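S.K.: Protein chains in written order, with my numbering: chain A, 8 to 238; chain B, 8 to 238; chain C, 56 to 357; chain D, 56 to 357. Backbone N, C-alpha and C fix where the C-beta goes; we use that ideal spot for every residue, glycine too. Quantities reported herein were computed from a predicted structural model and do not represent experimental measurements.
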Amino acid sequence: MIKIDNVTMKYPNGTVALKDVSFQIKEGEFAFIIGHSGAGKSTLLKLMLKEENPTEGEIFINGKNFSKLKKRQIPQLRRSIGIVFQDFRLLPDRTVFENVAFAMRITEASHKKIKKQVPLALTLVGLGRKAKAFPTELSGGEQQRVGLARALINNPALLIADEPTGNLDPINSAEIMKLLEEINANGTTVVVITHEKNIVNDMKKRVIELDAGAVIRDEEEGKYKNEDTDI
Amino acid sequence: MIKIDNVTMKYPNGTVALKDVSFQIKEGEFAFIIGHSGAGKSTLLKLMLKEENPTEGEIFINGKNFSKLKKRQIPQLRRSIGIVFQDFRLLPDRTVFENVAFAMRITEASHKKIKKQVPLALTLVGLGRKAKAFPTELSGGEQQRVGLARALINNPALLIADEPTGNLDPINSAEIMKLLEEINANGTTVVVITHEKNIVNDMKKRVIELDAGAVIRDEEEGKYKNEDTDI
Amino acid sequence: MKIRTFSYVAGQGLRNVYKNKLMSVISMGMVAVSLMVFGIFFVILVNINANVNSIKKDYQIQVYCDASLTYNDPLIGEIEKQIKDNPNVESCKKISKEEAFQVLKYEMLKDDSTILDNMSNAFLPISFTVKLKNLSIGVQTANEFESIPNVKRVNYPQKVMEAINATASWIYMGSLLIGGILALAAMFIISNTIRLTVFARKRDINIMKYVGASNAFVRLPFIIEGMVMGILGSAISFLVIGYSYMSIIGTINNQLTTMGIVSLKLLDFTEIAAVMFLCMVGIGAVVGVIGSAISVRKHLEV
Amino acid sequence: MKIRTFSYVAGQGLRNVYKNKLMSVISMGMVAVSLMVFGIFFVILVNINANVNSIKKDYQIQVYCDASLTYNDPLIGEIEKQIKDNPNVESCKKISKEEAFQVLKYEMLKDDSTILDNMSNAFLPISFTVKLKNLSIGVQTANEFESIPNVKRVNYPQKVMEAINATASWIYMGSLLIGGILALAAMFIISNTIRLTVFARKRDINIMKYVGASNAFVRLPFIIEGMVMGILGSAISFLVIGYSYMSIIGTINNQLTTMGIVSLKLLDFTEIAAVMFLCMVGIGAVVGVIGSAISVRKHLEV
Ligand SMILES: Nc1ncnc2c1ncn2[C@@H]1O[C@H](COP(=O)(O)OP(=O)(O)OP(=O)(O)O)[C@@H](O)[C@H]1O
Ligand SMILES: Nc1ncnc2c1ncn2[C@@H]1O[C@H](COP(=O)(O)OP(=O)(O)OP(=O)(O)O)[C@@H](O)[C@H]1O
Ligand SMILES: [Mg+2]
Ligand SMILES: [Mg+2]
Numbered sequence: 008m009i010k011i012d013n014v015t016m017k018y019p020n021g022t023v024a025l026k027d028v029s030f031q032i033k034e035g036e037f038a039f040i041i042g043h044s045g046a047g048k049s050t051l052l053k054l055m056l057k058e059e060n061p062t063e064g065e066i067f068i069n070g071k072n073f074s075k076l077k078k079r080q081i082p083q084l085r086r087s088i089g090i091v092f093q094d095f096r097l098l099p100d101r102t103v104f105e106n107v108a109f110a111m112r113i114t115e116a117s118h119k120k121i122k123k124q125v126p127l128a129l130t131l132v133g134l135g136r137k138a139k140a141f142p143t144e145l146s147g148g149e150q151q152r153v154g155l156a157r158a159l160i161n162n163p164a165l166l167i168a169d170e171p172t173g174n175l176d177p178i179n180s181a182e183i184m185k186l187l188e189e190i191n192a193n194g195t196t197v198v199v200i201t202h203e204k205n206i207v208n209d210m211k212k213r214v215i216e217l218d219a220g221a222v223i224r225d226e227e228e229g230k231y232k233n234e235d236t237d238i
Numbered sequence: 008m009i010k011i012d013n014v015t016m017k018y019p020n021g022t023v024a025l026k027d028v029s030f031q032i033k034e035g036e037f038a039f040i041i042g043h044s045g046a047g048k049s050t051l052l053k054l055m056l057k058e059e060n061p062t063e064g065e066i067f068i069n070g071k072n073f074s075k076l077k078k079r080q081i082p083q084l085r086r087s088i089g090i091v092f093q094d095f096r097l098l099p100d101r102t103v104f105e106n107v108a109f110a111m112r113i114t115e116a117s118h119k120k121i122k123k124q125v126p127l128a129l130t131l132v133g134l135g136r137k138a139k140a141f142p143t144e145l146s147g148g149e150q151q152r153v154g155l156a157r158a159l160i161n162n163p164a165l166l167i168a169d170e171p172t173g174n175l176d177p178i179n180s181a182e183i184m185k186l187l188e189e190i191n192a193n194g195t196t197v198v199v200i201t202h203e204k205n206i207v208n209d210m211k212k213r214v215i216e217l218d219a220g221a222v223i224r225d226e227e228e229g230k231y232k233n234e235d236t237d238i
Numbered sequence: 056m057k058i059r060t061f062s063y064v065a066g067q068g069l070r071n072v073y074k075n076k077l078m079s080v081i082s083m084g085m086v087a088v089s090l091m092v093f094g095i096f097f098v099i100l101v102n103i104n105a106n107v108n109s110i111k112k113d114y115q116i117q118v119y120c121d122a123s124l125t126y127n128d129p130l131i132g133e134i135e136k137q138i139k140d141n142p143n144v145e146s147c148k149k150i151s152k153e154e155a156f157q158v159l160k161y162e163m164l165k166d167d168s169t170i171l172d173n174m175s176n177a178f179l180p181i182s183f184t185v186k187l188k189n190l191s192i193g194v195q196t197a198n199e200f201e202s203i204p205n206v207k208r209v210n211y212p213q214k215v216m217e218a219i220n221a222t223a224s225w226i227y228m229g230s231l232l233i234g235g236i237l238a239l240a241a242m243f244i245i246s247n248t249i250r251l252t253v254f255a256r257k258r259d260i261n262i263m264k265y266v267g268a269s270n271a272f273v274r275l276p277f278i279i280e281g282m283v284m285g286i287l288g289s290a291i292s293f294l295v296i297g298y299s300y301m302s303i304i305g306t307i308n309n310q311l312t313t314m315g316i317v318s319l320k321l322l323d324f325t326e327i328a329a330v331m332f333l334c335m336v337g338i339g340a341v342v343g344v345i346g347s348a349i350s351v352r353k354h355l356e357v
Numbered sequence: 056m057k058i059r060t061f062s063y064v065a066g067q068g069l070r071n072v073y074k075n076k077l078m079s080v081i082s083m084g085m086v087a088v089s090l091m092v093f094g095i096f097f098v099i100l101v102n103i104n105a106n107v108n109s110i111k112k113d114y115q116i117q118v119y120c121d122a123s124l125t126y127n128d129p130l131i132g133e134i135e136k137q138i139k140d141n142p143n144v145e146s147c148k149k150i151s152k153e154e155a156f157q158v159l160k161y162e163m164l165k166d167d168s169t170i171l172d173n174m175s176n177a178f179l180p181i182s183f184t185v186k187l188k189n190l191s192i193g194v195q196t197a198n199e200f201e202s203i204p205n206v207k208r209v210n211y212p213q214k215v216m217e218a219i220n221a222t223a224s225w226i227y228m229g230s231l232l233i234g235g236i237l238a239l240a241a242m243f244i245i246s247n248t249i250r251l252t253v254f255a256r257k258r259d260i261n262i263m264k265y266v267g268a269s270n271a272f273v274r275l276p277f278i279i280e281g282m283v284m285g286i287l288g289s290a291i292s293f294l295v296i297g298y299s300y301m302s303i304i305g306t307i308n309n310q311l312t313t314m315g316i317v318s319l320k321l322l323d324f325t326e327i328a329a330v331m332f333l334c335m336v337g338i339g340a341v342v343g344v345i346g347s348a349i350s351v352r353k354h355l356e357v
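(1) On a Cα-Cα basis, can you pick out the residue from I223/A, N193/A, I183/A that is closest to M210/A?
(2) Around the C-beta of H43/A, are 16 or more other C-beta atoms found within 10 angstroms, so that it is buried, or is it exposed?
(3) Closer than 7 angstroms by beta-carbon distance: list the chain B residues that pair up with G45/A, in chain order.
(4) So, with DSSP's three-state summary, where would you put E234/A?
(5) So with Cβ pairs under 8 angstroms, would you call P82/B a contact of chain D?
(6) Between which two residues does the beta strand (DSSP E) holding L217/B run?
(7) Please report the straight-line C-alpha distance between K188/D and V144/D, rounded to a whole angstrom.
(8) Using a Cβ-Cβ cut-off of 8 angstroms, state whether D94/A counts as contacting chain F.
(9) Output needed for L97/A: all residues of its chain with C-beta closer than 7 angstroms, excluding positions within five of it in sequence on either side, in chain order.
(10) Using 7 angstroms as the cut-off, classify the Cβ of G147/B as near or not near the heavy atoms of ligand 3, replying yes or no.
(11) Note down, in chain order, every chain D residue with its Cβ under 7 angstroms from the Cβ of T306/C.
(12) Is any heavy atom in ligand 3 found nearer than 7 angstroms to the beta carbon of S49/A?
(13) Given 7 angstroms as the limit, tell me if D169/A has its C-beta closer than that to any heavy atom belonging to ligand 3.
(14) Kindly say whether E234/B, judged by its beta-carbon, lies nearer than 8 angstroms to any beta-carbon of chain A.
(15) For I58/D, tell me which candidate among Y18/B, A116/B, G147/B, D176/B has the shortest Cα-Cα distance.
(16) Is there a Cβ of chain A sitting closer than 8 angstroms to that of I9/B, yes or no?
(17) On the CB-based measure, 16 or more other CB atoms within 10 Å of its CB, does D27/A come out buried or exposed?
(18) Would you check if the stretch 129 to 138 of chain D and the stretch 96 to 108 of chain D touch, i.e. whether three or more CB-CB distances between them fall below 8 angstroms?
(19) Nearest chain C C-beta to L54/A closer than 8 angstroms, yes or no?
(20) Residues in the stretch 229 to 250 of chain C with C-beta within 8 angstroms of chain D's C-beta atoms, listed in sequence order?
(21) Give the interface partners of M78/C over in chain D, defined as CB-CB distance under 9 angstroms, in chain order.
(22) Evaluate the contact criterion for the stretch 188 to 200 of chain C versus the stretch 64 to 83 of chain C: three or more CB pairs, one atom per stretch, below 8 angstroms.
(23) Which bits of chain B does A168/A rub up against, with CB to CB less than 7 angstroms?
(24) Is it the case that the CB of G42/B approaches a heavy atom of ligand 2 more closely than 7 angstroms?
(25) Given that a residue counts as buried once 16 or more other Cβ atoms are within 10 Å of its Cβ, and exposed if not, what is I303/D?
(26) In three-state DSSP terms, what is G267/C?
(27) Do you know offhand how far E280/C's Cα is from K123/A's?
This is the structure in structure tokens:
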């Protein structure tokens, strides 16, 4: 599904955010990417969306080589991936409903399908009653969940979530993670970038840990940290 | 220090974010405000900044009645409070240094003082090397820490932080909380809005819990949740 | 793109006009004001042009016959026929000896006309006052008249003719130049306004792209928004100018008449409305569409 | 506000001009283009105005003396003195009988001048060609001339005089009107451009306020930015117009001369530069400052 091959990412200002990173995530897998603040997690997401291009190395998603992807093909690629952004990225002048529906509209879905599925997705993330609100009228956690609903709505083959519970209380977080697990059970590959120790420890899934841009750990059924450094 | 008196907050779109909330926080106290996503925590912060005005009830900070505050006095009020916003609110076209320095410039601090104190504050939050970066060149957690540095820089008598560790890994979080504890030890009143169970449980401080806009718990040395509902 | 997608996207464009009120009002205002400046000068220049043309038409050539020929001489008839057959002749009027005498006496000599007392009009020739269709080949036509038998002299002050021609072509070129400058200025202002309104929504465009929207999907609402704003703005401008013009045309024409300037007259608004409307709405719509398309393209590269 | 705060805040304004390149370039361009339109018409109208005034000056009154008086008659000298003493007289030229005869023969009768053969010039009067200072009291002055002893007739075509006066005042009022409209249009465009650029930074303004900045602290950089953009934009505009004007003035003046229109002449750029510069930079700077101040105020209410 995802193949990151010796990827190095150096930003124009000189910051090296990723150093020779390589890993693969197979179809149907559930993986956490963890690491300190600034370790390069979000950079990895940007690369997988072709929001940025790696300085070195190759990225493959579904066997497609990113460096060979034409500009016209990028929208298609992004539509096939559901993404929850760390900074939400909601359209401020559209309602919650329209924000989620937008991901369907770009796939030219029918009105009927949109009218049926969007409320379902909103209910799934606990925002059934906020459909008509605008993003500025939502709390931080609510905005984050709108982002999640938008990422889920097209039943993507791959779902990548950057800190999907960063603004959520434990109960909401647990519910969201259960939801992601269900989605994964239905065949979707799920990658979660997070720093919530409890979640990682509870779920016992694969853990890829980055530190200062390098992969320092890649374990099946990992924990947030080795016991000794646990705080 | 802070006195919230029968405050009700109804947003123009009809959402009742706070219902008859009352509590006091004394000078030098350290308090957590916790609650589900959408419980009204950030709304409380907005009221304390006079970003919004309560529909009913009164708010006092340092004995000043908010409803009697003139428009001209609002900047003075805000300068006396250090705030970390949930959505960071950094100025995108200024460097990290200038974002933090801005809080000093508005107090008409001298260049010398600014040059001395800003790097100190940045080092305190672990961003000593990012002074020249722009907010868009920072990771989520780094931006959050810039916001914290800006809140600390004027040694405010009151510090309110909305999810200051929402984008931080456990180690960074622990360090930030230690920092806030030190600041509190030096006499600053600290209010932290958070949903990080571990932090609340570890610190054994006062906990005010909101649910659907109402205070449902207010305990000295509280835990994140009563044991039975703990997940 | 499916029909329903197109109609959704087009609807978004209309909705944006309403949603971004401040920006829409400003854009429309900018279109209206800049095209109003263009329109005012369009009106002024069209009128100057038309009046220069009517002055050109007023310009006359005098053809003098042999003074020995009398009013009803068949040779005079022959000359008249030949003049009228010339394709460049608009009209031709025969002047009798007596009329010429009166003109000399009262229009040329005026108070000094006593010198003509006791003189007969016999020494004056029969003449023809000829108006031309096309003044720019006037010299050639005058030469043709001169070669008609029994024509003694053709009076065509070449300098005046050339001056009128030159003035007319100056005004014509001036109109084109100023009209062009103003149209360019209007385009500059309109397209830059759109650029700023698009810039203010740069983040939204980026978000749409990050979620996987195609360029066409992102761009089309902006293009429709630009078109709507261009059309509405220019229509407002057209209506304001049209209304103002119609309110003042009467006053000005009266003034001109009382001032004795009968050869100058403002055109009726109906005579210029169609061209003006097309110019203005055309500029508005085209600049709106192209301006939006270009402004958006810049932010699509993510 | 302390000096160092002021200088910091002012510096921020300058820095913003540089930082927000797109918006600065567009704002300056808008100022430049809209003031260029204003400036072009300023130049045109000032020239038309000046030329109408010079035509007014060219207008002459003819004063005819009694035909029995000869060139060196002391009574003629008396008449000349009285004319020259009139405060409204700019210049006065004496025309001899012979000169008048030549004018009659070659300028008025032309090819019909054979009728004057064998006539002497004795029947023509001595006359004075008088230029006035102020045409609007021309009729009164002419009446004064008429009451001078031995003056037979004063030729002052009242209608022409009134027409010139009317035209001049129309052009004057037209200049004011069009100049006013264009200045308003420029102000509208400039201030709305600033409004859009401020709007795009609304969130930044809000953030500054949330952190505790005073209104003055937030507003001043924008005001300085607006002023800088207004001044730079209008200066660009002034330079472009000045350069273009100076490049074409020679060509146009030559054209006018070859066309025989000697009474029309474009003004030298130095004659209009100062007023024009002040008008343009004034509009630019004032609108920049006021536009910024007002636009920012809207977003300060948080
Ligand atoms: N656009 C950019 N230009 C320059 N440097 C950048 C840019 N974006 C991120 N960085 C730097 O790259 C490094 C990795 O950033 P990234 O956003 O990937 O971190 P992260 O692991 O997501 O951290 P967090 O948990 O705080 O979100 C950081 O040091 C950051 O400052
Ligand atoms: N500007 C607004 N207009 C209308 N409703 C709002 C507005 N801001 C917040 N709300 C609503 O008020 C309620 C409380 O929001 P608030 O931001 O205070 O929650 P919170 O406790 O901070 O949640 P979180 O932990 O998710 O940040 C929510 O239901 C939210 O949708
Ligand atoms: Mg990140
Ligand atoms: Mg909140």
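M.R.: If we stick to the structure as given:
(1) When each option's Cα is compared against that of M210/A, the closest is I183/A.
(2) Flag for H43/A reads buried.
(3) What G45/A touches in chain B: S146, G148, E149.
(4) Confidence at E234/A is low in this model, with a pLDDT of 47, below 50, so its placement is unreliable and the value that follows should be read with caution. Helix.
(5) So, interface residue.
(6) For L217/B, the enclosing beta strand (DSSP E) has its first and last residue at 213 to 218.
(7) CA-CA distance, K188/D to V144/D, rounds to 6 angstroms.
(8) Going by chain labels, chain F is absent from the structure shown, which instead holds the protein chains A, B, C and D.
(9) For L97/A, where only same-chain residues beyond five positions count, the Cβ hits under 7 angstroms are N106, P142, Q150, V153, G154.
(10) Within the cutoff, so yes.
(11) Correct list: empty, because the minimum Cβ distance to chain D is about 11 angstroms.
(12) For S49/A, the shortest separation between its Cβ and any heavy atom of ligand 3 lies below 7 angstroms.
(13) Checking the Cβ of D169/A against ligand 3 gives yes.
(14) Only weak support exists for where E234/B lies, its pLDDT of 47 falling under 50; the value from the coordinates is given anyway. No, its Cβ sits nowhere closer than 8 angstroms to a Cβ of chain A.
(15) Looking at the Cα atoms, A116/B is the closest of the given residues.
(16) Closer than 8 angstroms: no.
(17) With fewer than 16 neighbouring CB atoms inside 10 Å of its own CB, D27/A falls in the exposed class.
(18) No, they do not touch.
(19) No, because no Cβ of chain C sits closer than 8 angstroms to the Cβ of L54/A.
(20) Per Cβ criterion, the list reads I233, I236, L237, A240, F243, I244, N247, T248, R250.
(21) By Cβ distance, chain D contributes L251, F254.
(22) Three or more beta-carbon pairs separated by less than 8 angstroms are not found between the stretch 188 to 200 of chain C and the stretch 64 to 83 of chain C, which leaves the two stretches without contact.
(23) Contacts between A168/A and chain B, judged by CB atoms closer than 7 angstroms, are missing: the closest CB pair is about 13 angstroms apart.
(24) Judged by the Cβ position, G42/B qualifies as a neighbour of ligand 2 at the 7 angstroms threshold, a heavy atom of the ligand being closer than this.
(25) Looking at its Cβ environment, which holds fewer than 16 other Cβ atoms inside 10 Å, I303/D is exposed.
(26) G267/C falls in the coil class under three-state DSSP.
(27) About 29 angstroms.
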